[in-house]
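Below is one structure, written out as structure tokens; comments come after it.
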Amino acid sequence: MSDLQTTHEISAAVIDALIAKHRQQPGALLPLLHAIQDAVGYVPEYCYASISKALSLSVAEVHGVVTFYHHFRTHKPGRHIMQICRAESCQAMGSEVLEAHAKSCLNVDYHQTTADGAITLEPVYCMGNCALSPTVVIDDEIYGRVSPAELDALITEAKVSEVKA
Amino acid sequence: MVTKVYIPRDSSALAVGAEKVAVAVAVEAKIRGLDVEIIRNGSRGLYWMETMVEVATEQGRVAYGPVKVKDVASLFDADFMHGKPHALSLGLTEEIEWLKKQQRLTFARVGITDPVSLEDYIAHDGYKGLKNALKLSGAEIVKTVTDSGLRGRGGAAFPTGIKWNTVLGCESEQKYIVCNADEGDSGTYSDRMIMEGDPFVLIEGMTIAGVAVGATQGYIYLRSEYPHALVTLNEAIEAANQAGYLGDNILGSGKTFNLEVRRAAGAYVCGEETSLLESLEGKRGLVRFKPPLPAIEGLFGKPTVVNNVISLATVPIILDKGAQFYADYGMGRSRGTLPIQLAGNLKHGGLVELAFGATLRELLYSYGGGSASGKPIRAVQVGGPLGAYLPESQFDTPLDYEEFAKLWAVLGHGGIVAFDDSVDMAKMARYAFEFCAVESCGKCTPCRIGSTRGMEVIDKITSGKDHAKSIQLVRDLSDTMLNGSLCALGGMTPYPVLSALNHFPEDFGVSSAGLSSEAK
Chain A
1 MSDLQTTHEI SAAVIDALIA KHRQQPGALL PLLHAIQDAV GYVPEYCYAS
51 ISKALSLSVA EVHGVVTFYH HFRTHKPGRH IMQICRAESC QAMGSEVLEA
101 HAKSCLNVDY HQTTADGAIT LEPVYCMGNC ALSPTVVIDD EIYGRVSPAE
151 LDALITEAKV SEVKA
Chain B
166 MVTKVYIPRD SSALAVGAEK VAVAVAVEAK IRGLDVEIIR NGSRGLYWME
216 TMVEVATEQG RVAYGPVKVK DVASLFDADF MHGKPHALSL GLTEEIEWLK
266 KQQRLTFARV GITDPVSLED YIAHDGYKGL KNALKLSGAE IVKTVTDSGL
316 RGRGGAAFPT GIKWNTVLGC ESEQKYIVCN ADEGDSGTYS DRMIMEGDPF
366 VLIEGMTIAG VAVGATQGYI YLRSEYPHAL VTLNEAIEAA NQAGYLGDNI
416 LGSGKTFNLE VRRAAGAYVC GEETSLLESL EGKRGLVRFK PPLPAIEGLF
466 GKPTVVNNVI SLATVPIILD KGAQFYADYG MGRSRGTLPI QLAGNLKHGG
516 LVELAFGATL RELLYSYGGG SASGKPIRAV QVGGPLGAYL PESQFDTPLD
566 YEEFAKLWAV LGHGGIVAFD DSVDMAKMAR YAFEFCAVES CGKCTPCRIG
616 STRGMEVIDK ITSGKDHAKS IQLVRDLSDT MLNGSLCALG GMTPYPVLSA
666 LNHFPEDFGV SSAGLSSEAK
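So the protein lines, in turn, are chains A and B.
Mapping the first sequence onto my numbering, position 123 (from 1) lands on 123, and the numbers just tick up by one.
Mapping the second sequence onto my numbering, position 112 (from 1) lands on 277, and the numbers just tick up by one.
Next up, the structure:
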């Protein structure tokens, strides 16, 4: 509990510093939300009040923007984020098989996190890797021409990297 | 002597291991005591050959591909550093047939130069266009762009010069140049290749636009799915600022142009220009009513040029070589070249820049090499998720805006996605509705509600429930969306839906003969 509180306080301090940095920028809200998510992994609801005050917006407006964009998360994700492209080019190369495979081996649906908190599964609509479909992204790494066997290897790799760390 | 080795930093190359190959080459060279300079270039666009490694020799650049980490040691053993033969040899890069047949104007430097080296850019004819533009009046620059026949490459194909002219004619103390780099269409990646492979050409194009219409601030609205493009763009902008190609006194001309990259946040609809402007202002990306046109009341209410990456990146060569040079390429009212992106189920996916007029068949078979699966190509979707599906009988259509319009299809951003005969077109029609439902901004009813109702009706059709009635309903609904939506998202979702139904009725349980009777 105390750990959680400390994390919360650290995040709050980070967020305040980011607000101070971005508030003067024209159209500041999106750059600010990006900065917050980059720093703490998601956009926590408790920062809506301070953002709205700094940018002279209502809390509802901030909430509206955060939830409009697929990129922003309002909850802490798993330690790794796996995205599978659902767009046409990847479908033409068997992405549906990959989707089904990922869902069954991770035992989650899209927008859910594995029970051990390791991997959050997300759909994505085109990464611009369409000449090498199907595409999977794990954290910041992009992979092309991914087969179910390679997907298994990527999942294992993500889990092994945790053990090492 | 230092040997130059080129290994792409393009994200699709990274997706098949370019980073690991670059590390392996560096390590192996060190072990063998060889002096190597590794240049991280853009991709030449032969993606099935990635990771493509090139080495500079006295005869020219020699290519090897597709290189995996396990091949690196044997490349050194074969003395690839002197361009010697190896199982993965592709010969002189310039002589590769697939590249040699292309007409690369916008992509002239991509894959050749170091994307973030200003020196390299200038050595390869960079900034000649801007230097010419600085000698001309705003009206003269706009006239050159108009005379070139350049039309918006984002998909709408509106003449670029006419858009610029409207902004030029507006009196305002502040104007903006906005680059639409929210390349969300499936099957398209030419914007990404430019931004990762030759970012200076986009910066130069935007600077020329600013000088032409009197705008001093530019924004690149970049999709969040392109983190590598963000890095190259920011590095290039920094270099251009340092060298006086951006900033308050461009090349001593007294003219100002500043440029900033803004990250989008994963909303497809923000590729629509008014939604994009809302997003840049920090709001939800709701589509605006037009008029007023963005050219008159755009970003923060000021006159704004909104152009796609490829349109802006094509401006420098037009200002360098002249309007006529560019207009001499192409057919009919489609002047110049189109960077075509081959995607989906194709053996040789990649970037093909050609003058307008090449046929789909030529692209699918002589460039694309047929399907990757070896099965017959049954359908292609051209122009992204809002583009029509074309059957084999239409493969001889030349790539030209008007020729496609005649077929009730669109060229869009030049992405071609191929499907083999395992595709279920009713499923693709359902997906078109689903995508629209996921991405709808929610402002207008036909798009917000029609998309979900559309999915339900397709489900009824595929399950055989009220079949004839449901087919008619999908047509009625499409008609409403087509005519009643505020923007292209709802307004063009019927393109993939109805083209799938009309060209592949058997997938919807309708016989070809039945199609004419149910349409009555």
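Just so you know, even glycine gets a beta-carbon here, dropped at the ideal spot from N, CA and C.
Since the structure is predicted, the reported quantities are computational estimates derived from the model, not experimental observations.
Quick one: is residue i buried, meaning 16 or more other Cβ sit within 10 Å of its Cβ, or exposed?
i      : result
B/K685 : Residue placement at B/K685 cannot be trusted, given a pLDDT of 34 that sits under 50; what the coordinates show is reported in the next sentence. It is exposed - the Cβ of B/K685 has fewer than 16 other Cβ atoms within 10 Å.
A/C130 : buried
B/R197 : exposed
B/Q489 : exposed
B/F125 : Only positions 166 to 685 of chain B appear in this structure, which leaves residue 125 of chain B out of reach.
A/Y46  : exposed
B/L498 : Correcting the residue type first, residue 498 of chain B is Arg in the shown sequence and not Leu. So B/R498 counts as exposed.
A/H34  : buried
B/K340 : buried
B/N414 : exposed
B/C609 : buried
B/C601 : buried
A/T135 : buried
Between residue i and residue j, what straight-line distance do the alpha-carbon atoms span, to the nearest angstrom?
i      : j      : result
B/G509 : A/A17  : 45 Å
B/G534 : B/G182 : 23 Å
B/A408 : B/S355 : 27 Å
A/V137 : B/E403 : 29 Å
B/L507 : B/T258 : 20 Å
B/V625 : A/V160 : Here the sequence assigns Lys to residue 625 of chain B, which means Val is not the residue at that position. Taking the straight line from one Cα to the other gives about 46 Å.
A/S2   : B/L441 : With a pLDDT of only 48 at A/S2, under 50, the local geometry of the prediction cannot be trusted, and no value is derived from it.
B/V366 : B/L416 : 16 Å
B/A478 : B/L398 : 13 Å
B/C344 : B/D200 : 41 Å
B/V332 : B/T439 : 16 Å
A/I51  : A/V65  : 12 Å
B/Q637 : B/L666 : 11 Å
B/V220 : B/P173 : 12 Å
B/A594 : A/V124 : 19 Å
B/K420 : B/T372 : 10 Å
B/G349 : B/D244 : 42 Å
B/H393 : A/A153 : 24 Å
B/E568 : A/A13  : 59 Å
B/G655 : B/T222 : 53 Å
B/D672 : B/E202 : 55 Å
B/A194 : B/D236 : 14 Å
Identify the contact partners of residue i in chain A, using a Cβ-Cβ distance below 8 Å as the criterion.
i      : result
B/Q506 : C130 and A131
B/Y390 : Here residue 390 of chain B turns out to be Glu, not Tyr, going by the sequence shown. Those within 8 Å of B/E390 in chain A are V124, C126, M127 and G128.
B/D350 : C126
B/Y354 : G128, N129, C130 and A131
B/R357 : G128
Report the neighbours of residue i on chain A: residues whose CB is nearer than 7 Å to its CB, in chain order.
i      : result
B/K448 : V65
B/Y212 : A131 and L132
B/V452 : Those do not exist, as B/V452 stays about 12 Å from chain A at its closest Cβ, beyond 7 Å.
B/N510 : A92 and M93
B/S440 : In chain order: nothing, as chain A lies at least about 10 Å away.
Could you tell me how far apart the beta carbons of residue i and residue j are, in whole angstroms, since I believe they sit closer than 8 Å?
i      : j      : result
A/I84  : A/A102 : 6 Å
B/A574 : B/T658 : That pair is no contact at about 14 Å.
B/L572 : B/T562 : 6 Å
B/I483 : B/T309 : 6 Å
B/G256 : B/D485 : 30 Å between Cβ atoms; not a contact.
B/I327 : B/G383 : Contact doesn't hold; Cβ gap of about 20 Å is too wide.
B/V545 : B/V582 : 6 Å
Name the chain A residues whose beta carbon is nearer than 9 Å to that of residue i?
i      : result
B/A432 : F68, Y69, H70 and H71
B/F584 : E88, Q91 and A92
B/S616 : The contacting residues do not exist; B/S616 stays about 14 Å from chain A at best.
Using the beta-carbon of each residue, which ones in chain B are nearer than 7 Å to residue i?
i      : result
A/A102 : Ordered by position in chain B, no residue passes the 7 Å Cβ test against A/A102, which lies about 17 Å from the chain.
A/D109 : Ordered by position in chain B, no residue passes the 7 Å Cβ test against A/D109, which lies about 15 Å from the chain.
A/I142 : S176, L179 and A180
Name, please, each residue of chain B whose Cβ falls closer than 8 Å to the Cβ of residue i.
i      : result
A/L29  : G447 and K448
A/T135 : A180
field: Members of the stretch 31 to 57 of chain A that neighbour chain B once the beta carbon cut-off is set at 8 Å
entry: P31, L33, H34 and L55
- request: Please list the residues of the stretch 61 to 90 of chain A that have a C-beta atom closer than 7 Å to any C-beta atom in chain B, keeping them in chain order.
  value: G64, V65, F68, Y69, H70, H71, F72, A87, E88 and S89
task: Residues of the stretch 176 to 199 of chain B with a CB closer than 7 Å to any CB of chain A: list them in chain order, please.
output: S176, S177, L179, A180 and V181
query: Taking Cβ-Cβ distances below 8 Å as the criterion, which residues of the stretch 15 to 27 of chain A are in contact with chain B?
result: P26 and G27
Within 9 Å of chain B by C-beta, residues of the stretch 148 to 162 of chain A in sequence order: none
message: Beta carbons nearer than 8 Å to chain A: which residues of the stretch 396 to 408 of chain B have them?
response: none
field: chain A contacts made by the stretch 539 to 566 of chain B, where a contact means CB separation under 8 Å
entry: Q546 and P550
query: Using a Cβ cut-off of 9 Å, which residues of the stretch 453 to 480 of chain B contact any Cβ in chain A, in chain order?
result: L464 and F465
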